[in-house]
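Visitor: Got a structure for you, questions after.
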Amino acid sequence: MTTAQNIRFGRRDLEAVSTALTQLRDCNGLLDDMPALRARMAEDGYLLVRGLYRPDQVMAARLALFQEFAKQDIFDPAAPLIEGRVNRQRTGHGGAFLGGQEATALPAFRQVIEGPEIMGFFLRFLGQPALTFDYKWMRLVGPGDGTGAHMDNVYMGRGSAQLYTVWTPLGDVPYEQGPLAILVGSHRLPSYARVRETYGQMDVDIDRVAGWFSDDPLELTERFGGQWASSAFAAGDALIFGMHTMHASLTNLSDHYRITSDTRYQPAADPADERWVGERPKAHYGWQAGPQVPMQQKRQEWGV
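Quick note: the sequence shown uses the numbering used here, first residue 2, plus one each step.
Right, dumping it as structure tokens:
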């Protein structure tokens, strides 16, 4: 049972389990029943799998990545490196940044996100061989930082209609470190249809619009309905969701970096978004190449 604790979600302070933020439900009881698992995804827009990966491999990846990032002097030298405690003496210690592709090429990391556990899961779930994007996203989130509400389709919507994001915590992520939250059913709820048809269909490299729909996630449920849900995560857990599932993160209120990865999986036979595959994926090329259109301006145009 989760005890009440103060957290921050966008601009709001609230309790971890409240009417504004309920708990994610895991799908482990359905792992041997693929039709039921697919039905759960269709209903909720996400699957929480507890213990999908081997925790020892996850922690080995965590240590390898921290050893790489330690070159930037961002960790407290008095604490064990595996803890990822922030170096408060270093200017600019907070915030979030992506690890370079050199870090995501580390064998210990690839063993997790390209290993038999996750690739086997998608083979069963998709009913055919799976492909994972060559480009991998690594996120190191410091104190005071979090992610606004968004849909992933705006960043990678040019390929397969069966593309899924896997959010992998590389270590335990309690509520105070800012885990991911899902707006349950936002991929199908009628009240979000206009959001999906406008914002959800844009392409940040073409439209050059800031990617977050809102930096106040609770604004969405107050205006359009639905329910946000989150959870504390343990090393080995995975959160899987589709391209039109609205999601965000809580704010990291701890003195540790939250390290997670975002990786993408789809049927190998389907076309893949050309920005994220190949020996040297080109990634985003137009999004920040010039002035961006403010999201608030676009929302007014879209009527959402």
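Even for Gly, the Cβ is constructed at its ideal location relative to N, Cα and C.
I'd like to know if the stretch 289-303 and the stretch 166-180 are in contact, where contact means that at least 3 CB-CB pairs between them fall below 8 angstroms.
Guide: The answer is no - the stretch 166-180 does not touch the stretch 289-303, with fewer than three Cβ pairs under 8 angstroms.
Visitor: Determine which residues share a DSSP beta bridge with His257 and list them.
Guide: Arg86.
Visitor: From the DSSP output, in three-state form, read off His94 for me.
Guide: At His94 the pLDDT is 48, less than 50, meaning the model places this residue with poor confidence; the figure from the coordinates comes in the next sentence. Of the three classes helix, strand and coil, the one that applies to His94 here is coil, per DSSP.
Visitor: Applying the 10 Å Cβ sphere with the 16-neighbour rule, what's the burial state of Asp274?
Guide: With 16 or more Cβ atoms within 10 Å of its Cβ, Asp274 is classed as buried.
Visitor: Ordered along the chain, which non-local residues of its own chain (more than five positions away) have a Cβ less than 6 angstroms from that of Tyr200?
Guide: Excluding sequence neighbours, Tyr200 sits near Phe214.
Visitor: Between the alpha carbons of Arg12 and Val210, how many angstroms are there, rounded?
Guide: Their Cα atoms are separated by approximately 21 angstroms.
Visitor: Nearest to Pro36 by CA position, among Arg9, Ala162, Leu127 and Asp153, is which residue?
Guide: Taking only the C-alpha atoms, the option nearest Pro36 is Leu127.
Visitor: At the level of alpha carbons, what is the spacing between Gln298 and His245?
Guide: Between Gln298 and His245, the C-alpha separation is close to 21 angstroms.
Visitor: Between Arg276 and Arg189, is the Cβ-Cβ spacing less than 9 angstroms?
Guide: Cβ atoms of Arg276 and Arg189: not closer than 9 angstroms.
Visitor: I need the straight-line Cα distance from Leu82 to Leu64, nearest angstrom please.
Guide: Distance between the alpha carbons of Leu82 and Leu64: 7 angstroms.
Visitor: In the stretch 203-276, which residue ranges form an unbroken alpha helix (DSSP H) of at least 4 residues, counting only runs that do not cross its ends?
Guide: Runs of the alpha helix (DSSP H) inside the stretch 203-276: 205-208 and 218-225.
Visitor: If we count Cβ pairs, one from each stretch, closer than 8 angstroms, do we get three or more for the stretch 139-149 versus the stretch 46-63?
Guide: Cβ pair count under 8 angstroms is below three, so no.
Visitor: With distances taken from CA atoms, which of Phe110, Pro117 and Met203 is nearest Asn154?
Guide: Comparing Cα-Cα distances from Asn154 to each of Phe110, Pro117 and Met203, the minimum goes to Met203.
Visitor: Suppose the cutoff is 7 angstroms on Cβ atoms and the five residues either side in sequence are ignored; what does the same chain contact list for Leu251 look like?
Guide: Once the five neighbours on either side are set aside, the close Cβ partners of Leu251 are Ile8, Arg9, Phe10, Gly147, Tyr176, Gly179, Pro180, Ala182 and Ser231.
Visitor: Taking the beta carbon of Arg265 as the centre, do at least 16 other beta carbons fall within 10 Å, making it buried, or is it exposed?
Guide: The residue in question, Arg265, is buried, as its Cβ has 16 or more Cβ neighbours within 10 Å.
Visitor: In terms of residues, what are the limits of the alpha helix (DSSP H) holding Thr20?
Guide: Unbroken run through Thr20: none, as it is neither H nor E.
Visitor: Based on Cα-Cα distance, which residue from Asn253, Met152 and Tyr193 lies nearest to Val205?
Guide: The residue with the shortest Cα to Cα distance from Val205 is Met152.
Visitor: Is the beta carbon of Asp271 less than 9 angstroms from the beta carbon of Ala162?
Guide: Yes, Cβ-Cβ distance for Asp271 and Ala162 is below 9 angstroms.
Visitor: Could you say which of Glu103, Val305, Gly145 and Tyr165 lies nearest to Ser255 if we only look at CA atoms?
Guide: Nearest option by C-alpha distance: Gly145.
Visitor: Thinking C-beta only, is Glu69 closer than 9 angstroms to Leu107?
Guide: Yes, the pair counts as a contact, with Cβ atoms nearer than the cut-off.
Visitor: Indicate whether Val18 and Gly237 have their beta-carbon atoms separated by less than 9 angstroms.
Guide: No, Cβ-Cβ distance for Val18 and Gly237 is not below 9 angstroms.
Visitor: What span of residues does the beta strand (DSSP E) with Ala182 cover, start to end?
Guide: Ala182 -> beta strand (DSSP E) spans Leu181 to Val185.
Visitor: Chain B beta carbons: is any one of them nearer than 9 angstroms to that of Arg125?
Guide: This model lacks chain B altogether, as it is built from one protein chain only.
Visitor: Below 6 angstroms CB to CB, which residues in the same chain sit around Val196 once its five sequence neighbours on both sides are set aside?
Guide: Closer than 6 angstroms at the Cβ level, and outside the excluded window around Val196, lie Val305.
Visitor: So, for Arg259: in the same chain, excluding its five sequence neighbours on each side, which residues have a beta-carbon less than 7 angstroms away from its beta-carbon?
Guide: These residues qualify, in order along the chain: Val142, Val174, Gln178, Gly179 and Asn253.
Visitor: Quick one: give me the first and last residue of the beta strand (DSSP E) that Thr166 is part of.
Guide: Its beta strand (DSSP E) spans residues Tyr165 to Pro170.
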